[in-house]
Amino acid sequence: MPSGIPTLPMSEIPVPPETPAYDPAAVESTWQHRWAEQGTNSPELWHGTDPYYQLMMFPYPSGEGLHIGNLFAFTGADIHGRFQRMQGRTVFEPIGFDSFGIQTENYAIKLGKHPAELTPRNVDRFRSQLTRSGLMLDWSKEVLTSDPSYYKWTQWLFLQLYKQGMAYKKAAAVNWCPNDKTVLANEQVIDGHCERCDALVEQRLLEQWFFRTSHYAPRLLENIAGLDWSEITRQAQRNWIGRSEGAHVTFRVANAHDVTVFTTRPDTIFGATWVVLAPEHPLVSEIVTPVQRAVVDEYLERTKTQDVVSRKVNREKTGVFTGAVAINPATGHPIPVWIADYVLMEYGTGAVMGVPGHDERDFEFAEKFALPIIRVVSPVDGDPSATLAAAYIAKSDADVLVNSAHFSGMPVPQAKKAVVAWLEERGSAKPVVNYRLNDWCISRQRYWGPPIPIIYCDTCGPVPVPEDQLPVVLPLIEDFRPDDSGISPLARHDEWYRVPCPQCGIMSRRETDVSDNFLDSAWYFLRYPSADRSDVAFDRALTARWLPVTTYIGGNEHAVLHLLYSRFITMVLHDAGLIDFEEPFTRFRAHGMIIREGAKMSKSKGNVVNPDELIDRWGADSLRTYLMFLGKYEEGGDYRDSGITGVRRFLDRIWASVHECVTTGTPDIAVLRKLHATIRKVGEDIPQLGYNTAIAAMMEYVNVLRTNERAIHRDEVRPLVQLVAPFAPHIAEACWEILGGSDSVFDGGWPAYDPALLIADTVTIAVQVNGKTRGTVVVGKDATQADVFAEAMKDVNIAKFVTTEPKKIIFVAGRLLNIVV
RNA sequence: GCCGACGUGGUGGAAUUGGUAGACACGCCAGACUUAGGAUCUGGUACCUCACGGUGUCCGGGUUCGAGUCCCGGCGUUGGCACCA
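Read in order, the letters of the first sequence correspond to residues 26 to 846 in the numbering used here.
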């Protein structure tokens, strides 16, 4: 042992006091009570220095209770928050419950209970589970989205959007889930099926409230570049917003309005041999010729009643000719105008030009209806007259236009601009950027949500409920279940919805839809600091002090909707002058998912693990640490029952070391070196969520600490207790107290490492011959290439491979020597 | 179809970002202490080989003194978008 300090001979080791067994249940309940009594986890929001807002995605309080996935997510966020606190920051780690919404309502229906009865029960269970998990939560700022004191402000928020012109009502074909009996947002429809229950989704036409998310599409996209977020999440948002550059091109139609199409390939216009409208396109009825009227009407009827699946999944092309003729603005040739449901009214202008030579869908359409196919793009050395057996999609920037008048021979990228410019001069095109992002439909024909605060008056029209009359309280009704009438359950209660108009006083009617559950969660982070205030949604000064959120941690299943809606709401509030920032989450990290035996945990697979049982058996500290040890936090991991024992042993050894340690003598220098290396490693890993490797490093240290029969010095364990504290807070507090720490270990700072102790006197250098490692040599830290080579040649197992004069020697100081022969 | 991530022992996973592959842990094997062990402690554990040694990070090429890491081409798993013009 290279230690300068001799270890004590056995006879001089003081007999350690009897070590009490580590009893997690006792330790954890003691400290949970103490934290609650002393308000340890409730920071001083007005005066605390260096505010750090550590946010975790609040849970929906399901009937099953907290599951291991929640706990994994929360623990990771909690460790990060506790670490920041130990760095001296004032950390605010709030919690609440997303207790409104369809999930809760459906669960209540399934149990035959009322959601208002079920919710408090579920929330209570969650509270106790979260508490016994040892999270540093500030319960004094809890929010509950289904409580009038919260949804009053959700309704207020709706009114702010309304005032800003960001909320509007329109009749829209909506996705109707026949099973949940509700309208679904586009994003809740997966391949034509309901995201929640997997039923086939149908189309229905209803009057709906929308938020103008599309208005913010450019900014929502541009700002992504400046966000410190997980890259997968940023990518998902970009895909969802879906920017594409192209042009609007106008086609003249005889005796009717012009038809404008959106295209990303204006360069292919010489190959456009028809124009096609979406069935819902407003120009359809105007354009159709009398001869074609009957067949068009029949087609419209067919597509209208068609369910979403046959449209989205069965992609056989259908369509009808309208009888109308448009003029291709590039060629001047007349081309037919068709109607087909492969064109979507929601995207672009609801009309496209058919370029069968260079678009797969158009090619199919041309084949089916025998429309002409013209090649207008070709590889440079290709034959412009070669027939097309399939759509040719330009793959190379070197592809050129052909059969395109004076543009023939021009490379595609250049032609995209040139053709638009040329058409623009003639007044038939202009460059545009189009976004995939649609407006957000927030109406729900359900019961368990905030009533939308609007009153319909026969004389005044839609009138917002005055802010001083909020909240519009959701009445307790027994017949809250939806039926397939398509109207909200509240619409069955005229005693509730009949109210005088706030403007003129005549008897009017409340809006009976409630708002989307995603609206509840799109602003909860603004509410937390001001949760105890009943006079404002959020206090302006407090908000300025605590927001934007410093670090937000959550699941990537919310990468698109929740995060995008939150960003949208924040932007609107910013533009309304109500807050000073336009992005709510400075830093966002997506955690991975916990799987078990290679599969996602689910009740149907029977592989769910119950955190309560695990805490009973092993303790919350062991469970927390084990969950973090499974794998990279941002990638998740595979849960196995057997693994937790290793972590428990690790904590047992810390417990034993704390009880056995002595204050006499001095710490062992080799142990100290390892300790300081560990302090550095853990301190570097935690901020980047490298929890698994941080734990491994601490385990390594404990292995070194407990090697050999020697007395462990207090100064060798005290910093370890601090390092492990974010992971295993209860045992750390108990150990901290035993070691004489006053107050909480979380207010005791973070140990510093001594750089001098990280520099070893000797280094081990790998010696390779022709790139193959043949051995190692131990040399002084400043050894030169010659020193190392000489040392290496003393080792016969290395020297025997060096039979001739080396051709070349590569030396990496402190690392390796490679001898090339 | 478009965009992205990943692929390492029996298992979960490490690897200072091009420098001793398999840290840490589970499991397994052996030993110690025990009336006992699903407790604790010690040692071993990628594969082939008695050994010398050889092989090895999905497969095939390449760059390099040196590749799990970089490049090209496949295969597989997985996430987002998708009749989006």
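From the three backbone atoms N, C-alpha and C, an ideal C-beta is built for every residue, glycine too.
For clarity, every value in this text was computed on a predicted model and none was experimentally measured.
Notebook entry, point to check: Does the segment 749 to 760 come close enough to the segment 112 to 123 to have 3 or more Cβ pairs within less than 8 Å?
Noted result: At 8 Å Cβ cutoff, the stretches do not touch.
Notebook entry, point to check: In whole angstroms, what separates the C-alpha of Leu603 from that of Leu182?
Noted result: If you number the first sequence from 1, residue 603 lands on position 578. If you number the first sequence from 1, residue 182 lands on position 157. CA-to-CA, the gap between Leu603 and Leu182 works out to about 11 Å.
Item checked: Sequence-distant residues of its chain with Cβ nearer than 7 Å to Val804 (five each side left out) -> Position 779 of the first sequence, counted from the start, is the residue given in the question as residue 804. Taking Val804 as the centre and dropping the five residues before and after it, the same chain places the C-beta of Thr787, Val788, Ile790, Asp812, Val813, Glu816 closer than 7 Å to its C-beta, in chain order.
Checklist line | Continuous beta strand (DSSP E) stretch holding Val116: start and end | finding: Start at 1 with the first residue of the first sequence, and residue 116 comes out as number 91. Val116 -> beta strand (DSSP E) spans 115 to 117.
Check: Measuring CA to CA, which of Gly631, Asp637, Thr575 is closest to Glu608?
Finding: For the purposes of this step, residue 608 is taken as residue 583 along the first sequence, with counting starting at 1. Of the listed residues, the one whose Cα sits closest to Glu608 is Thr575.
Checklist line | Which of helix, strand or coil DSSP assigns to Asp163 | finding: The sequence position of residue 163 within the first sequence is 138, counting from 1. DSSP places Asp163 within a strand segment (E or B) once states are collapsed to three.
Next item on the list: Please go through the same chain and pick out, in chain order, the residues whose beta-carbon is closer than 7 Å to the beta-carbon of Pro31, but skip the five residues on each side of it.
Entry: Taking the first sequence and counting its residues from 1, the one referred to as residue 31 is at position 6. Because Pro31 sits at a pLDDT of 36, beneath the cut-off of 50, its placement in the model cannot be relied upon, and the point is left open.
Item checked: C-alpha gap between Val707 and Glu247, whole angstroms -> Taking the first sequence and counting its residues from 1, the one referred to as residue 707 is at position 682. Taking the first sequence and counting its residues from 1, the one referred to as residue 247 is at position 222. When the Cα atoms are used, Val707 and Glu247 turn out to be separated by approximately 35 Å.
Notebook entry, point to check: Helix, strand or coil: how does DSSP classify Glu503 here?
Noted result: Taking the first sequence and counting its residues from 1, the one referred to as residue 503 is at position 478. Looking at Glu503 - three-state DSSP - the assignment turns out to be coil, as it is neither helix nor strand.
Item checked: Cβ contact (3+ pairs, closer than 8 Å) linking the segment 60 to 67 and the segment 159 to 173 -> By the Cβ rule, the segment 60 to 67 counts as touching the segment 159 to 173, because three or more pairs are nearer than 8 Å.
Note to self: Looking only at its chain, what residues have a beta carbon closer than 6 Å to the beta carbon of Ala242, apart from the 5 residues adjacent to it on each side?
What the structure shows: Taking the first residue of the first sequence as position 1, residue 242 is located at position 217. Ile266, Tyr460, Leu462.
Item checked: As assigned by DSSP and simplified to three states, the class of Tyr778 -> The sequence position of residue 778 within the first sequence is 753, counting from 1. It is coil, neither helix nor strand.
Notebook entry, point to check: How would you call Gly644, buried or exposed, if buried means at least 16 neighbouring beta carbons within 10 angstroms?
Noted result: Taking the first sequence and counting its residues from 1, one reaches residue 644 at position 619. The residue in question, Gly644, is buried, as its Cβ has 16 or more Cβ neighbours within 10 Å.
Notebook entry, point to check: DSSP state of Pro831, grouped into three classes?
Noted result: Counted from its first residue, the first sequence places residue 831 at position 806. Of the three classes helix, strand and coil, the one that applies to Pro831 here is coil, per DSSP.
Item checked: Same chain, Cβ closer than 6 Å to Cys760, five either side skipped, listed in chain order -> Residue mapping note: residue 760 aligns to position 735 of the first sequence, counting from 1. Within the same chain, Val683, Val746 come within 6 Å of Cys760 by CB-CB distance, once the 5 residues on both sides are set aside.
Notebook entry, point to check: Does DSSP put Leu842 in a helix, a strand or coil?
Noted result: For the purposes of this step, residue 842 is taken as residue 817 along the first sequence, with counting starting at 1. Correct three-state label for Leu842: strand.
Notebook entry, point to check: Can we say the segment 530 to 544 touches the segment 557 to 577, given the rule of at least three CB pairs closer than 8 Å?
Noted result: As far as the Cβ criterion goes, the segment 530 to 544 does not touch the segment 557 to 577, which means the pair count is below three.
Check: Under 9 Å between the Cβ atoms of Ile467 and Ser540?
Finding: Locating residue 467 in the first sequence gives position 442, where the first residue counts as 1. Locating residue 540 in the first sequence gives position 515, where the first residue counts as 1. Yes; because the gap between Cβ atoms is below 9 Å, this pair is in contact.
Next item on the list: Decide if Thr893 is buried, meaning its Cβ has at least 16 other Cβ atoms within 10 Å, or exposed.
Entry: A query on residue 893 cannot be resolved here, the shown segment of the chain reaching from 26 to 846 and no further.
Note to self: Within 10 Å of its beta-carbon, does Trp299 have 16 or more other beta-carbons around it, so buried, or fewer, so exposed?
What the structure shows: By one-based count along the first sequence, residue 299 stands at place 274. Flag for Trp299 reads buried.
Check: Alpha carbon to alpha carbon, what distance is there between Val278 and Val284?
Finding: To locate residue 284, count along the first sequence from 1; it is residue 259. To locate residue 278, count along the first sequence from 1; it is residue 253. If you take the alpha carbons of Val284 and Val278, they lie about 7 Å apart.
Check: Would you call the CB atoms of Leu169 and Tyr553 closer than 9 Å?
Finding: On the first sequence, residue 169 is found 144 positions in, with the first residue counted as 1. On the first sequence, residue 553 is found 528 positions in, with the first residue counted as 1. No, these two residues do not count as a Cβ contact at 9 Å.
Check: When you compare only the Cα positions, how much space is there between Lys832 and Asp807?
Finding: In the first sequence, the residue the question calls residue 832 occupies position 807. In the first sequence, the residue the question calls residue 807 occupies position 782. Approximately 24 Å between the Cα atoms of the pair.
Note to self: By DSSP's criteria, Pro525 is part of a beta bridge. Which residues make up the other side?
What the structure shows: Stepping through the first sequence from its first residue, residue 525 is reached at position 500. Its beta-bridge partners are Met532.
Check: Who are the Cβ neighbours of Thr611 in its own chain at under 7 Å, not counting the five residues just before and after it?
Finding: As a position in the first sequence, residue 611 is number 586, starting the count at 1. Shown here for Thr611: same chain residues with a beta carbon closer than 7 Å to its own, the five before and five after excluded, namely Asp253, Pro573, Val574, Thr575 in chain order.
Check: Near Gln109, what residues of its chain come up, given a Cβ to Cβ distance below 6 Å and the 5 sequence neighbours on each side ignored?
Finding: As a working note, residue 109 is residue 84 in the first sequence. Excluding residues within five positions, the ones whose Cβ falls inside 6 Å are Tyr77, Val116.
Notebook entry, point to check: Where does Asp464 land, buried or exposed, given buried means 16+ other C-beta within 10 angstroms?
Noted result: Stepping through the first sequence from its first residue, residue 464 is reached at position 439. Label assigned to Asp464: buried.
Next item on the list: Pick out whichever of Ile120, Phe505, Lys625 has its Cα sitting closest to the Cα of Ala516.
Entry: Here residue 516 corresponds to residue number 491 of the first sequence, with the count starting at 1. Among Ile120, Phe505, Lys625, the Cα nearest to that of Ala516 is on Phe505.
Margin query: Is it buried or exposed, Leu652, if we count other Cβ atoms within 10 angstroms and call 16 or more buried?
Written below: Residue 652 sits at position 627 when you count from the first residue of the first sequence. Residue environment for Leu652: buried (at least 16 other C-beta atoms within 10 angstroms of its C-beta).
Next item on the list: For Pro34, count neighbouring Cβ atoms within 10 angstroms of its own Cβ and tell me buried if that reaches 16, exposed if not.
Entry: Taking the first sequence and counting its residues from 1, one reaches residue 34 at position 9. With a pLDDT of only 39 at Pro34, under the threshold of 50, the placement of this residue in the model should not be trusted; the figure read from the coordinates follows. Exposure of Pro34 is indicated by the presence of fewer than 16 other C-beta atoms within 10 angstroms of its C-beta.
Notebook entry, point to check: Got a sec? Which residues, its chain only, sit under 8 Å from Phe388 by beta carbon, not counting five neighbours each side?
Noted result: For the purposes of this step, residue 388 is identified with residue 363 of the first sequence, where counting begins at 1. If you ignore the 5 residues before and after Phe388, its C-beta comes within less than 8 Å of the C-beta of Pro381, Gly382, Ile398, Leu413, Ala415, Ala416, all in its own chain and listed in chain order.
Next item on the list: Pull up the distance between the alpha-carbon of Val488 and that of Asp519, whole angstroms please.
Entry: Looking up residue 488 in the first sequence gives position 463. Looking up residue 519 in the first sequence gives position 494. Rounded to whole angstroms, Val488 to Asp519 spans 18 Å at the Cα level.
Next item on the list: From the DSSP output, in three-state form, read off Phe235 for me.
Entry: The count along the first sequence starts at 1 and reaches residue 235 at position 210. Assigned with DSSP and collapsed to three states, Phe235 falls in strand.
Note to self: With a threshold of 6 Å on Cβ separation, who are the neighbours of Phe276 within its own chain once the five nearest residues in sequence on each side are excluded?
What the structure shows: Taking the first residue of the first sequence as 1, we reach residue 276 at position 251. For Phe276, where only same-chain residues beyond five positions count, the Cβ hits under 6 Å are Val284, Val300, Ala351.
Check: Roughly how many angstroms lie between the CA atoms of Arg840 and Arg731, to the nearest whole one?
Finding: As a first step, residue 840 is located in the first sequence; it is residue number 815 there, counting from the start. As a first step, residue 731 is located in the first sequence; it is residue number 706 there, counting from the start. In this model, Arg840 and Arg731 are separated by some 29 Å (Cα to Cα).
Check: Just how far apart, CA to CA, sit Glu130 and Asp605?
Finding: The sequence position of residue 130 within the first sequence is 105, counting from 1. The sequence position of residue 605 within the first sequence is 580, counting from 1. When the Cα atoms are used, Glu130 and Asp605 turn out to be separated by approximately 36 Å.
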